[in-house]
Amino acid sequence: MSSDPSFKRFMLFGRRAEGVSRRPSGRDIRIDMIRGLALLIIFINHMPGNVVSAYMPNNFGFSDGADAFVLLAGVSATLAYGGLIETRGFPVAALKLGARIWTLYIAHMAVFILVCGVIAIAVTRTQNPLYIEAINIQPFFRDTVDALIGALTLTYQPSYLDILPLYIVLLALFPAIYYGVRFSPALTLTCSLLVWQVALALELNLPNSGGHWFFNPFAWQVIFTLGVILGRAAQLGITAPQLRWLDAVAIAFLVFAWVVKIPVGNPTGVAMLNDWFDSVQLGSDKTNLAWSRLLHLGALAWLAIRWLPASGMLTRSVVGRALACSGRNSLHVFCVGIVLAIIGQIVLAETSFALDVQLLLCAGGVTVLTGLGIFLSWYRSITSRDQRAEPVEASGAQAQRPSFSPR
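With positions in the sequence shown counted from 1, the corresponding number in this note's numbering is that position plus 1336.
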């Protein structure tokens, strides 16, 4: 129903239509499940050259796990900190948001140090200095003090250690984006797209050790803004309109992306399309967020919203719940995944990319990361249960304690 007044009013003014009641909404397991899947995809893709990576979604479309991760980061930030803004005001939400940004910053620095240590051990044991160049970590060994200052200021990011800095910047921008979406999602999205295109025209990006950030925040804020809009819609209980024609367009675009990515070269024979086919087959511009990536992610997100039910069979399956546990503990799983992927790259190189080693590393890494998510979810459940029980136990003990007050 394309004329859904609630959806139209939301997109224009960030509010529900008059007379439309707010639908109750709990935690959406789909967010955690898809984020958990994205983390596993990122882990496997961070070990280039392994046979499993050839079957990852980026080989059959224009977007990949990083795009989904940033989109869901916007959704989760809205549900967490946007909800605090609505219930307890901006000061409390700002404190919680600042604490989260600080946690991300500390996690990034910890992973940076761990990765440097892993590379140092690998170079010492194998006498192969190429590992230093493999992830752009040579500045750390060339001038450690300067590299540490760059790491602390986020102006030096080795390869594969660039997603958390992007997340930190986007979370810092969250209040401005959220209040914009609160006022008008359509206007905020338009401004976000304008910032992106102006940044491309002016070649704006943040510095990174003589170059620029791999994930240009001036571009990737568009995906984060889309996530904030989706999160705000979920916050208000707005459902997606039933647009069958848009379903068809989204499916057609995904099929088109699959057809483009599968062959080598230009299957159409049209000479003017040669450069475009070469560029997207090698990988759509990730740094500055190519339009093809954004449209592909949008098509996937639309179909997931429309046809992946929150309480469907997939979300209730063992696999779905295991992925949700990983997504619910995304920071821990992501950080461990980065370190494991770097170790995996070294092991693959030292074993000449033997097929059995490739399969063992991928299966073992996925098992460890999924197990970590399950363990952390279990640990949080028992600790929160104990915390809830403490006041009851304390009050019971107080009731049984003899009174020494004078009669």
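Virtual Cβ for every residue (Gly too), placed ideally from N, Cα, C.
- Message: Helix, strand or coil, according to DSSP, for residue 1360 in the structure here?
- Response: Residue placement at residue 1360 cannot be trusted, given a pLDDT of 48 that sits under 50; the coordinates are not used to answer.
- Item | Alpha-carbon to alpha-carbon, residue 1652 and residue 1360 | Residue confidence is low: residue 1360 scores 48 on pLDDT, short of 50, so the model does not pin down where it sits. No coordinate-derived value is stated.
- Task: Return the CA-CA distance between residue 1619 and residue 1394, expressed in angstroms with no decimal places.
- Result: 8 Å
- Message: Can you tell me which residues form a DSSP beta bridge with residue 1547?
- Response: 1544
- Item | Pair within 7 Å by beta-carbon distance, residue 1406 and residue 1560 | For residue 1406 and residue 1560, yes; Cβs fall inside 7 Å.
- Assign residue 1485 to one of two classes, buried (16 or more other C-beta atoms within 10 Å of its C-beta) or exposed (fewer than that). exposed
- Task: Please determine if the region 1371-1384 and the region 1658-1673 are in contact, where contact requires at least 3 C-beta pairs separated by less than 8 Å.
- Result: Between the region 1371-1384 and the region 1658-1673, the count of C-beta pairs closer than 8 Å reaches three or more; the two stretches touch.
- Query: With a Cβ-Cβ cutoff of 7 Å, do residue 1536 and residue 1624 count as a contact?
  - Reply: yes
- Among residues of its own chain, excluding the 5 on either side of residue 1411, which ones have a beta-carbon nearer than 8 Å to its beta-carbon? Result list for residue 1411: 1367, 1563, 1564, 1566, 1567, 1570, in chain order.
- Item | Inter-residue Cα distance where the pair is residue 1403 and residue 1365 | 19 Å
- Message: Just to confirm the assignment, what range does the alpha helix (DSSP H) spanning residue 1367 have?
- Response: 1365-1381
- Query: Taking buried to mean at least 16 other C-beta atoms within 10 Å of its own C-beta, is residue 1480 buried or exposed?
  - Reply: Label assigned to residue 1480: exposed.
- Query: Would you report the Cα separation of residue 1502 and residue 1553, rounded to the nearest angstrom?
  - Reply: 6 Å
- Contiguous alpha helix (DSSP H) assignments of at least 4 residues, all confined to the region 1549-1625: For the region 1549-1625, whole alpha helix (DSSP H) runs of length 4 or above, ordered along the chain, are 1553-1572, 1580-1597, 1610-1618.
- Message: Under 8 Å, with one C-beta from each stretch per pair, do the region 1452-1472 and the region 1673-1683 reach the 3-pair mark?
- Response: Short answer: they touch.
- Message: Between which residues of its own chain and residue 1752 is the CB-CB distance below 6 Å, once the five residues before and five after are set aside?
- Response: Any property of residue 1752 remains undetermined from this structure, which presents the chain solely from 1337 to 1743.
- Report the option in 1383, 1582, 1687 whose CA atom is closest to the CA atom of residue 1641. 1582
- Task: Whole angstroms is fine: what's the gap from residue 1349's alpha carbon to residue 1675's?
- Result: 44 Å
- Message: Suppose only complete runs of 3+ residues qualify. What are the beta strand (DSSP E) ranges in the region 1393-1452, listed by chain order?
- Response: none
- Between the Cα of residue 1577 and those of 1643, 1424, 1468, spot the shortest distance and give me the residue it belongs to. Minimum Cα distance to residue 1577 is reached at 1643.
- Using three-state DSSP, classify residue 1501 as helix, strand or coil. helix
- Message: So, at 7 Å on beta carbons, what are the nonlocal neighbours of residue 1631 in its own chain, with the 5 sequence-adjacent residues on each side left out?
- Response: 1589
- Query: Which residues mark the beginning and the end of the alpha helix (DSSP H) in which residue 1526 is found?
  - Reply: 1521-1538
- Assign residue 1690 to one of three DSSP states: helix, strand, or coil. coil
- Rounded C-alpha distance that separates residue 1639 from residue 1591: 13 Å
- Cβ-based neighbour list, residue 1709, same chain, cut-off 6 Å, excluding 5 preceding and 5 following: Once the five neighbours on either side are set aside, the close Cβ partners of residue 1709 are 1661, 1662, 1665, 1669.
- Message: If distances are taken between C-alpha atoms only, which option among 1384, 1593, 1691, 1416 comes closest to residue 1471?
- Response: 1384
- Is there contact here, the region 1540-1556 with the region 1494-1501, by at least three beta-carbon pairs under 8 Å? With a cut-off of 8 Å on Cβ pairs, the region 1540-1556 is in contact with the region 1494-1501, counting three or more such pairs.
- Item | Outcome for residue 1391 when other beta-carbon atoms lying within 10 angstroms are tallied against a minimum of 16 | exposed
- Query: Using the C-alpha atoms, what's the distance from residue 1421 back to residue 1521?
  - Reply: When rounded, the separation of the alpha-carbon atoms in residue 1521 and residue 1421 is 17 Å.
- Query: Can you tell me whether DSSP reads residue 1511 as helix, strand or coil?
  - Reply: Note: residue 1511 maps to helix in three-state DSSP.
- Query: Between residue 1465 and the rest of its own chain, which residues show a CB-CB distance below 8 Å, the 5 nearest in sequence each way excluded?
  - Reply: 1459
- Query: Closest by CA to residue 1416, which one among 1399, 1400, 1672, 1434?
  - Reply: Ranked by Cα distance from residue 1416, the options 1399, 1400, 1672, 1434 are led by 1434.
- Determine the extent of the alpha helix (DSSP H) in which residue 1481 is found, giving its start and end residues. 1480-1488
- Task: Look at residue 1497 and residue 1551 and say whether their C-beta atoms are less than 7 Å apart.
- Result: Going by C-beta atoms, residue 1497 is not nearer than 7 Å to residue 1551.
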